[in-house]
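Undergrad: With full-length UniProt numbering applied, the sequence shown corresponds to residues 1 to 123, in that order.
Take this structure, written in structure tokens, and hold onto it; I'll ask about it next.
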Amino acid sequence: MKTVGVASAAAVLPITSIAKEMAKQKMIHQVYFWLHDEANTQEFLTEAVPMLGRCKTVGKFIAGTPAATEKRDVVDHSYQVACTAFFDSLEDQLVYQTDPTHLEFIEKYSHMWKKVQVYDIAI
Numbered sequence: 001m002k003t004v005g006v007a008s009a010a011a012v013l014p015i016t017s018i019a020k021e022m023a024k025q026k027m028i029h030q031v032y033f034w035l036h037d038e039a040n041t042q043e044f045l046t047e048a049v050p051m052l053g054r055c056k057t058v059g060k061f062i063a064g065t066p067a068a069t070e071k072r073d074v075v076d077h078s079y080q081v082a083c084t085a086f087f088d089s090l091e092d093q094l095v096y097q098t099d100p101t102h103l104e105f106i107e108k109y110s111h112m113w114k115k116v117q118v119y120d121i122a123i
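Take a look at the structure:
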């Protein structure tokens, strides 16, 4: 029993230290929006999306529309607006999810989009 207990404790230690390191992990949060009406793209890009960049834990923030690159099977130009937020940690991204400005953005503008896709990248 002592051997199993020691082995179990040793197995947990790396997981705990990995979890602590992951909490400090910098990350990029990319969000793609498909709007109900493409005519609203400029309004959404200039009035709605910038709200997300004003959330307290967001570091750098950029937003834009699909680049006019060549059509290829691996390139998706079908969305109207995308934004990228940089966070100093996974914890900061978690705080962002409940930031009053983020929640206000969702409440005020969610009627404008038909689909949202998020990609989170550890850096």
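The beta carbon of each residue, even a glycine, is placed where N, CA and C say it ideally should be.
Computed from a predicted structure; not experimentally measured.
From the DSSP output, read off the bridge partner residues of residue 124.
TA: For the chain, the structure presents residues 1 to 123; residue 124 sits outside this window and is missing.
Undergrad: Apart from the five residues on each side of it in sequence, which residues of its chain come closer than 7 angstroms, Cβ to Cβ, to Q117?
TA: Y32, listed in sequence order.
Undergrad: Which same chain residues end up closer than 8 angstroms to L35 when comparing Cβ atoms and leaving out the 5 residues on each side of it in sequence?
TA: Closer than 8 angstroms at the Cβ level, and outside the excluded window around L35, lie T41, F44, Q80, V81, M112, W113, K114.
Undergrad: How many angstroms separate the CA atom of H102 from the CA atom of A85?
TA: Taking the straight line from one Cα to the other gives about 12 angstroms.
Undergrad: Relative to the C-alpha of E38, which residue among H77, I123, Q30, K71 is closest?
TA: Taking only the C-alpha atoms, the option nearest E38 is H77.
Undergrad: Mapping DSSP to helix, strand and coil, what is V6?
TA: In this predicted model, V6 has a pLDDT of only 49, less than 50, meaning its place in the structure is not dependable; the value taken from the coordinates is given anyway. Of the three classes helix, strand and coil, the one that applies to V6 here is helix, per DSSP.
Undergrad: Taking the Cβ atom as the reference point for each residue, do M27 and D120 lie within a distance shorter than 8 angstroms?
TA: For M27 and D120, yes; Cβs fall inside 8 angstroms.
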